[in-house]
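Engineer:
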Amino acid sequence: MPEQTPHWYGPALPGPKAETVAERLKQQWGLEFHVQQIRAVGAGLPGHVAYEALKQFPEGYSLIVMIQADGDGRPRNIVLTANGAPSAAMAATMAQGLDLSLDGHASDERKSWVQHQFAEYERSAQVSSTVPRRTDGEVTTSLSVVPDRTTLQLSGSLPS
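Set out below in structure tokens:
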């Protein structure tokens with residue numbers, strides 16, 4: 013049986029390098045990123061750079077930001093996880109993080125989609141068994157809004 017080589021499951025996100033994204037998020041929210049080199053293990057992800065930061069917001073929720081960058085510094089995944097009850101402030105933070113991560117080029121439709129997912133959660137007061145996803149061009153966005161944790165994930169997508 014041939015040995016499998018670690019690989020990314022999709023392309024890098026378009027836009028700035030991971031270091032630039034981290035710097036923008038740092039400037040906006042005062043984040044302090046912990047950066048580490050992760051080496052490849054087995055057939056999983058290839059070696060990469062991981063950026064991680066944590067911030068407590070005065071509105072009562074915390075935000076964890078994780079960025080995985082490939083060997084060229086291109087972001088492969090950007091994950092924003094907010095711990096706490098979903099709120100309008102949290103929705104605004106997620107939409108802002110989305111825009112900063114995409115070099116200020118998140119479409120109004122994509123930002124509205126984030127706001128809509130929070131509104132749907134408020135309206136239904138139920139946790140969906142599916143995670144809403146949206147693919148526009150080269151970016152797939154997923155957003156899970158549940159009672160105590162909200163996760164926004166950005167990843168590169170192949171052109172259709």
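Numbering (our numbering), first residue to last: 13 to 172.
We put the beta carbon where it would ideally sit given N, CA and C, even for glycine.
Predicted, not measured: the structure shown is a model, and the values here were computed from it.
1) If you scan the segment 107-131 from start to end, which runs of the alpha helix (DSSP H) of 4 or more residues do you find wholly inside it?
2) Roughly how many whole angstroms lie between the Cα atoms of residue 126 and residue 103?
3) What's the gap between the Cα of residue 13 and the Cα of residue 43?
4) Are at least three pairs of beta-carbons, each pair with one atom in the segment 110-128 and one in the segment 26-33, less than 8 Å apart?
5) Among 150, 106, 22, whose alpha-carbon lies nearest the alpha-carbon of residue 82?
6) Compute the Euclidean distance between the alpha carbons of residue 123 and residue 154, then round it to the nearest angstrom.
7) Express the C-alpha separation of residue 41 and residue 49 in angstroms, rounding to a whole number.
Structural biologist: In terms of the structure at hand:
1) none
2) On the sequence shown, residue 126 is found 114 positions in, with the first residue counted as 1. On the sequence shown, residue 103 is found 91 positions in, with the first residue counted as 1. Whole-angstrom Cα-Cα distance: 7 Å.
3) Start at 1 with the first residue of the sequence shown, and residue 13 comes out as number 1. Start at 1 with the first residue of the sequence shown, and residue 43 comes out as number 31. For residue 13, the predicted structure reports a pLDDT of 45, less than 50, and the residue's modelled location is therefore unreliable. A value from the coordinates is still provided. One C-alpha to the other measures close to 45 Å.
4) yes
5) For the purposes of this step, residue 82 is taken as residue 70 along the sequence shown, with counting starting at 1. Checking every option, the nearest Cα to that of residue 82 belongs to 22.
6) The count along the sequence shown starts at 1 and reaches residue 123 at position 111. The count along the sequence shown starts at 1 and reaches residue 154 at position 142. Straight-line Cα distance between these residues: approximately 12 Å.
7) Counting from 1 along the sequence shown, the entry for residue 49 is found at position 37. Counting from 1 along the sequence shown, the entry for residue 41 is found at position 29. So the two alpha carbons sit approximately 24 Å from each other.
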